[in-house]
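Chemist: Counting along the sequence shown from 1, when you hit position 141 you're at 141 in full-length UniProt numbering, and nothing is skipped either side.
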Amino acid sequence: MLLYDRYTYNRQQGARNRMLRWYCAKYHAGCKVTVLTTSENIVTKVVGEHNHAKPILHELSDVTYTIRIKENGHKCMQLGNFYFGPHYTRRLKTRWRCVRHNIQCNAVVYTLVVFVHNMSGKRLAIYNGYSFYCGVQSSRTYTWRCTRWGNCKSRFILSANSNVLITGNFDHSHEPPPHVIRNGIYIRV
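1. Select from P55, D5, H50 and S154 the residue whose C-alpha is nearest the C-alpha of P176.
2. In three-state terms, what does DSSP make of H52?
3. Look at Y133 and L158 and say whether their C-beta atoms are less than 8 Å apart.
4. Excluding the 5 residues flanking T147 on each side, which residues of the same chain have their C-beta closer than 6 Å to its C-beta?
5. Would you decide whether L124 is buried or exposed? Buried here means 16 or more other CB atoms lie within 10 Å of its CB.
6. Answer with buried or exposed for W149, where buried requires no fewer than 16 other C-beta atoms within 10 angstroms of its C-beta.
7. Quick one: residues in its chain with C-beta nearer than 7 Å to the C-beta of V136, no 5 flanking neighbours on either side, listed in chain order?
8. Under the three-state reduction of DSSP, which class applies to H174: helix, strand or coil?
9. Unbroken beta strand (DSSP E) runs of length 3 or more, entirely within the UniProt domain "FLYWCH-type" (115-174): which are they?
10. Determine the direct distance from the alpha carbon of C105 to that of L165, and round the result to whole angstroms.
11. Reducing DSSP to helix, strand and coil, say where I67 ends up.
12. Going by the beta-carbon positions, is the gap between V33 and V46 smaller than 8 Å?
13. Could you tell me which uninterrupted beta strand (DSSP E) segments, each at least 3 residues in length, are contained entirely in the stretch 79-120, listed from first to last along the chain?
14. Assuming G129 and I67 form a contact by the criterion Cβ under 8 Å, report the distance between their Cβ atoms to the nearest whole angstrom.
15. According to DSSP, is H28 part of a helix, a strand, or is it coil?
16. Which one of Q12, M119, L3 and R18 has the shortest CA to CA distance from K54?
17. Terminal residues of the continuous beta strand (DSSP E) containing R188?
Structure (structure tokens):
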């Protein structure tokens with residue numbers, strides 16, 4: 001996801017002449033604005049005008065949330081006194097919507113991959129409450145595996161130069177470990 005001038009954009013697959021094309025997150029609602037960036041995400045061109053107001057965004061940092069698997073097998077995120085269920089996942093971004101969306105609650109939360117360090121200084125990737133370590137590095141890809149690698153086969157592969165998801169298996173055989181991220185440090189609780 002790209003945030004530019006308080007509008008959000010999704011990346012179009014592929015690249016031409018090392019340029020990345022991003023389309024407005026409201027594209028399917030009729031907004032055709034596109035942004036061109038370099039591979040380093042430097043904006044070079046904006047095409048079109050938005051036909052909607054800028055979204056109201058609240059960026060939360062140092063937030064404590066828990067993700068649990070309910071008895072029926074569905075995931076549920078608790079953020080404060082509010083509960084969210086997964087709506088959809090695209091690449092490494094999951095959209096969670098309020099479990100009361102049927103009664104007109106439009107609240108949503110997005111979880112992204114967050115790169116942090118554990119208490120001993122090793123780099124971890126946190127995604128949907130699960131922790132991953134970088135198991136294999138090559139000149140072109142990084143393979144991230146669940147930190148419970150012996151029992152869990154969940155992993156994903158990112159391109160080395162742009163952290164773009166190449167492939168992934170996010171089916172875990174366990175619940176996410178309870179943790180807090182404070183100042184970029186992953187702490188199990």
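Virtual Cβ for every residue (Gly too), placed ideally from N, Cα, C.
Modeler: Let me lay it out:
1. Sequence index remark: in the sequence shown, residue 176 carries index 176 (1-based). Nearest of P55, D5, H50 and S154 to P176, Cα basis: S154.
2. By one-based count along the sequence shown, residue 52 stands at place 52. Note: H52 maps to coil in three-state DSSP.
3. Here residue 133 refers to the residue found at position 133 of the sequence shown. Here residue 158 refers to the residue found at position 158 of the sequence shown. Going by C-beta atoms, Y133 is not nearer than 8 Å to L158.
4. Translated into positions along the sequence shown, residue 147 becomes position 147. For T147, where only same-chain residues beyond five positions count, the Cβ hits under 6 Å are S131 and Y133.
5. By one-based count along the sequence shown, residue 124 stands at place 124. Label assigned to L124: buried.
6. By 1-based counting over the sequence shown, the position of residue 149 is 149. Counting Cβ neighbours within 10 Å, W149 comes out exposed, since fewer than 16 surround it.
7. Sequence index remark: in the sequence shown, residue 136 carries index 136 (1-based). Only T143 meet the Cβ criterion.
8. Taking the sequence shown and counting its residues from 1, the one referred to as residue 174 is at position 174. In the structure shown, H174 sits in coil (DSSP, three-state: anything other than H, G, I, E or B).
9. 123-127, 130-137, 141-146, 155-159 and 165-169
10. Reading the sequence shown from its first residue, position 165 is the one you call residue 165. Reading the sequence shown from its first residue, position 105 is the one you call residue 105. When rounded, the distance between both Cα atoms is 31 Å.
11. Against the sequence shown, residue 67 aligns to sequence position 67. The answer is strand: DSSP assigns I67 an E or B state.
12. Locating residue 33 in the sequence shown gives position 33, counting from the first residue. Locating residue 46 in the sequence shown gives position 46, counting from the first residue. Going by C-beta atoms, V33 is nearer than 8 Å to V46.
13. 82-90, 93-98, 108-112 and 114-118
14. To locate residue 129, count along the sequence shown from 1; it is residue 129. To locate residue 67, count along the sequence shown from 1; it is residue 67. That belief holds up - the Cβ atoms of G129 and I67 are roughly 4 Å apart, short of 8 Å.
15. On the sequence shown, position 28 is the one that residue 28 refers to. In this structure, H28 counts as helix in the three-state DSSP scheme.
16. In the sequence shown, residue 54 corresponds to position 54, counting from 1. Residue L3 is the option with its Cα nearest to K54.
17. Here the question's residue 188 lines up with position 188 in the sequence shown. I185 to R188 is the span of the beta strand (DSSP E), which, as asked, contains R188.
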